[in-house]
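A short worksheet on the structure shown next.
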Amino acid sequence: MLRKILIANRGEIAVRILRACQELGIGAVAVYSEADANALHVRLAGETVCIGPPPPAESYLCGERLVEVAAATGCDAIHPGYGFLAESAAFARMVRDAGLVFVGPPVEAIEKMGVKPEARALMQQAGVSVAPGFASPKATQEDFARAAEQIGYPLMVKAAGGGGGIGLQIVYQPAALPDAIASARQASQRAFGDPAIFLEKYIANGRHIEVQILADSHGNVVHLYERECSIQRRHQKIIEETPSPFMTDGVRATIGQAAIAAARAVGYVNAGTVEFIVDEQMNHYFLEMNTRLQVEHPVTEMVTGVDLVRAQIAVAAGNPLPFTQDSISRRGHAVECRIYAEDPAQDFLPTTGRVLRLVEPSGPGIRIDSGVAVGDEISVYYDPLIAKLIVWAEDRGLALHRMEWALNGYTMLGLTTNLEFLREMVRYPLFRTGGATTHFVAEQMKGWQPQASTLDDIALIAAALADSAEGRQPDGDAPASNCPIPWQRNDGFRIGT
Amino acid sequence: VEFCYRVGETEQLVRLEAQVDGTIIAQVGGRVYRVQLQSAQGGQFHFMVDGRRYEAFRARPMQGSQGVSRCYVAVVGSTTPGEPPESRHYEFIPVVPPQGTGQPIEAGLLRLGARTNPAVARSRARGSLDAHMPGQVVQVMVNEGEQVSAGQPLLVLEAMKIVTRVVAPVAGRISRVLVQEGDTVERGQRLVDVEPVA
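Protein chains in written order, with our numbering: chain A, 1 to 497; chain B, 1001 to 1198.
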């Protein structure tokens, strides 16, 4: 087993990894930027080190500093979480060269999956179906135009150097191709330092389905079934679930095997996710592989009963997987809602603030992976994901019903969040029936604004009750004189009891 | 007692009056409700309004916090068996209630309703620009006194990986630039004043 792990991340995922270490009796070092000195992951950790100023480039993205701190604190491993350096082959190599264990895949697997056109070619060789596409480093504008005719419109222009939807352009007509290529090259250069791009067929009305895999260093690879993540805004997921309401057992088995083949083709070890787009005719196409733990991993944990972070640590320590494919089964249905500090009524722009009051729902089948507690400041420096609400129930209908209850029991005061939007999403008929595609948010929820509610007046009454209970005048300080509200009487008079 | 709150661009007056039977008559805009408070503790309230049960939370930033004083309210609505309760979050700005409405409530007589806040109206006419999200000012592209056309980018804001350009709402002259490159701004903070061309 590993002795001590440096957690090279922040927020809810740092808390998640920290808890796994604590349960396993492994030491853990939490790192933080100056903006996170009082953050939850720091408060919960036994050992903490400040790694620099708030901007990620000067703290959480400083690979060398992280490796130094790991060595100085006697760690024998680094867990990168997701985001930041999780998919940086250079960082993984740096960790390995320092004689430390990287809790993630081998450097070579990250590299092979990191360059998207090469990953596509590797997948084709391994017999994994990829969407029709075209990539060539020396291709001229005419080559791209010819290839585009063959692939057919609409198609996507994508950055070769990385995923996450960065630089992605959808092209509907040949006339728009040159501009799309130019702007994708620009975005790609900015984000990955490489202007290389490639073309890929655009699957309209597709479903984003991904398969969780686990591999050990003894040659065992298993899949832990699929997750559906079609509910997205700006190519970022909002709601995920498993099993997918769209899957058939036949396709489920096929993509499970395809994911295992994909992992084997790059010599994958540890937890990873193979993403597919599935069209209306149930054809599946390889999109990319995320060579790390996913944000939405808890839904898989709820349904399979496998603790993925614990498995990651065991595999990193060189242990064989404690189960075979046959012993992994699914039970019930799990849904995750991502709670973001953002304003869905204003184009999902990020918001900031201090968490003044937090009431988290609880009860059977409810799990919360949160990175914040009361008093925490949500700053402008990092990703707006603040917590994940995950529910499990026997079937999809019951799980969504439970999610509605849980969302209504979630109170977070002090900043604008997407809770209201999530409440409406899980009630939305098209989502309820399992018919939502990746276009759902952009098409059905366009221009969303909170509806007027009978609760609007009730909230004003509550505000006034609170202000008068505090004996404050509306301007804030001076106690109100002769306030006639009965619960201020100090003679023991009680109302309604 | 009266309390007044700014909600978006309108102001709402709330009047509370205790009754001899222990209930409270609450008036919001022109609407009248009978409220029965059941418990009030540490910013958490349980009460009945016209026979329906509600739970509310109210929080305010600590005194001395920067910016406008705000209060945050969450309400969870009454439960119909089998159906999840409704839940909503609100953000109000407490303001001083207008004078001259201090008489006792006679149900249904007072009709204040929503009034446009004059400060907001003024700022619209002058074409000043507020930050629509919190973030950092990455670039300021204009100087005071400069002429700009409608839609011209004035500055660039960045927050949490999202970069947006703030553009001139109208053609005019930049009368004031209130921020510098590198400043961290709050949502709603004034950035630039644009005087429209006459």
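Quick reminder that beta carbons are idealized off the backbone N, C-alpha and C, glycines included. Being a predicted model, the structure only gives us computed values, none of them experimental.
Straight-line gap, residue i to residue j (C-alpha atoms, nearest Å)
i, j, result
"residue 211 of chain A", "residue 281 of chain A", "19 Å"
"residue 365 of chain A", "residue 28 of chain A", "28 Å"
"residue 421 of chain A", "residue 450 of chain A", "8 Å"
"residue 368 of chain A", "residue 232 of chain A", "20 Å"
"residue 14 of chain A", "residue 140 of chain A", "45 Å"
"residue 1197 of chain B", "residue 1191 of chain B", "19 Å"
"residue 180 of chain A", "residue 170 of chain A", "8 Å"
"residue 348 of chain A", "residue 218 of chain A", "45 Å"
"residue 404 of chain A", "residue 1076 of chain B", "13 Å"
"residue 1142 of chain B", "residue 379 of chain A", "27 Å"
"residue 360 of chain A", "residue 157 of chain A", "42 Å"
"residue 1248 of chain B", "residue 1139 of chain B", "This structure gives no information on residue 1248 of chain B, because the portion of chain B shown stretches from 1001 to 1198."
"residue 1057 of chain B", "residue 456 of chain A", "14 Å"
"residue 248 of chain A", "residue 162 of chain A", "31 Å"
"residue 122 of chain A", "residue 441 of chain A", "33 Å"
"residue 1025 of chain B", "residue 1032 of chain B", "7 Å"
"residue 432 of chain A", "residue 401 of chain A", "10 Å"
Extent of the continuous alpha helix (DSSP H) run through residue i
i, result
"residue 246 of chain A", "From DSSP, residue 246 of chain A is part of no alpha helix (DSSP H); its letter is neither H nor E."
"residue 334 of chain A", "No alpha helix (DSSP H) contains residue 334 of chain A, which is instead part of the beta strand (DSSP E) from 333 to 340."
"residue 20 of chain A", "11 to 24"
"residue 505 of chain A", "Since the first residue of chain A shown is 1 and the last is 497, residue 505 of chain A is not available in this structure."
"residue 1157 of chain B", "From DSSP, residue 1157 of chain B is part of no alpha helix (DSSP H) but of the beta strand (DSSP E) over 1153 to 1159."
"residue 1009 of chain B", "Premise fails: residue 1009 of chain B is in no alpha helix (DSSP H) and is neither H nor E."
"residue 143 of chain A", "141 to 151"
"residue 1036 of chain B", "Segment 1031 to 1041 is the beta strand (DSSP E) holding residue 1036 of chain B; no alpha helix (DSSP H) there."
Cβ neighbours of residue i in the same chain (closer than 8 Å, five flanking residues each side left out)
i, result
"residue 481 of chain A", "Reliability of the predicted coordinates at residue 481 of chain A is poor, the pLDDT of 39 falling under 50, and the value obtained from them is presented with this limitation in mind. Closer than 8 Å at the Cβ level, and outside the excluded window around residue 481 of chain A, lies no residue."
"residue 332 of chain A", "302, 303, 392, 393, 394, 395, 399"
"residue 1097 of chain B", "1002, 1003, 1004, 1013"
"residue 1023 of chain B", "1034, 1035, 1036"
"residue 1172 of chain B", "1127, 1147, 1148, 1194, 1195, 1196, 1197"
Cβ-based burial, residue i [other Cβ within 10 Å; buried from 16]
i, result
"residue 297 of chain A", "buried"
"residue 1125 of chain B", "In this prediction, residue 1125 of chain B has a pLDDT of 41, which is less than 50 and means its spatial position is unreliable; what the coordinates show is noted afterwards. Counting Cβ neighbours within 10 Å, residue 1125 of chain B comes out exposed, since fewer than 16 surround it."
"residue 1108 of chain B", "Below a pLDDT of 50, predicted positions are generally treated as unreliable, and residue 1108 of chain B, at 28, falls in that range; the measurement from the model is reported next regardless. Exposed, since its Cβ has fewer than 16 Cβ neighbours within 10 Å."
"residue 135 of chain A", "buried"
"residue 1021 of chain B", "exposed"
"residue 1062 of chain B", "exposed"
"residue 430 of chain A", "exposed"
"residue 97 of chain A", "exposed"
"residue 352 of chain A", "buried"
"residue 1019 of chain B", "exposed"
"residue 59 of chain A", "buried"
"residue 148 of chain A", "buried"
"residue 116 of chain A", "buried"
"residue 388 of chain A", "buried"
"residue 1144 of chain B", "exposed"
"residue 291 of chain A", "buried"
"residue 454 of chain A", "exposed"
"residue 324 of chain A", "exposed"
Range covered by the beta strand (DSSP E) that runs through residue i
i, result
"residue 5 of chain A", "4 to 7"
"residue 230 of chain A", "221 to 233"
"residue 1175 of chain B", "1172 to 1177"
"residue 53 of chain A", "That residue, residue 53 of chain A, is in no beta strand (DSSP E); it is neither H nor E in DSSP."
"residue 201 of chain A", "197 to 201"
"residue 376 of chain A", "No beta strand (DSSP E) holds residue 376 of chain A; DSSP gives it neither H nor E."
"residue 1196 of chain B", "1190 to 1196"
"residue 166 of chain A", "That residue, residue 166 of chain A, is in no beta strand (DSSP E); it is neither H nor E in DSSP."
"residue 158 of chain A", "155 to 159"
"residue 28 of chain A", "27 to 33"
Own chain partners of residue i with C-beta closer than 6 Å, once the 5 adjacent residues on each side are dropped
i, result
"residue 1121 of chain B", "Below a pLDDT of 50, predicted positions are generally treated as unreliable, and residue 1121 of chain B, at 31, falls in that range; the measurement from the model is reported next regardless. Taken in chain order, the list of residues that qualify is empty."
"residue 490 of chain A", "Note that residue 490 of chain A scores a pLDDT of 47, beneath 50, so its modelled location is shaky and nothing firm can be said."
"residue 1183 of chain B", "1137"
Same chain, Cβ closer than 7 Å to residue i, five either side skipped, listed in chain order
i, result
"residue 317 of chain A", "1, 2"
"residue 1113 of chain B", "With a pLDDT of 29 at residue 1113 of chain B, under the threshold of 50, the predicted position of this residue should be treated as unreliable, and no value is reported."
"residue 261 of chain A", "126, 127, 128"
"residue 418 of chain A", "339, 340, 342, 344"
Supposed contact pair residue j and residue i - C-beta distance, whole angstroms, cut 8 Å
i, j, result
"residue 102 of chain A", "residue 92 of chain A", "5 Å"
"residue 425 of chain A", "residue 239 of chain A", "6 Å"
"residue 41 of chain A", "residue 63 of chain A", "The Cβ separation is near 19 Å, so there is no contact."
"residue 49 of chain A", "residue 67 of chain A", "The pair is not a contact, with the Cβ atoms about 12 Å apart (cut-off 8 Å)."
"residue 206 of chain A", "residue 188 of chain A", "At roughly 22 Å, the Cβ-Cβ gap does not stay under 8 Å, so residue 206 of chain A and residue 188 of chain A are not in contact."
"residue 153 of chain A", "residue 203 of chain A", "The Cβ separation is near 13 Å, so there is no contact."
"residue 267 of chain A", "residue 225 of chain A", "Residue 267 of chain A to residue 225 of chain A, Cβ: 23 Å. No contact."
Heavy atom of the ligand ATP within 6 Å of residue i beta-carbon
i, result
"residue 230 of chain A", "Among the components modelled here there is no ligand, and therefore nothing to report on the ligand ATP."
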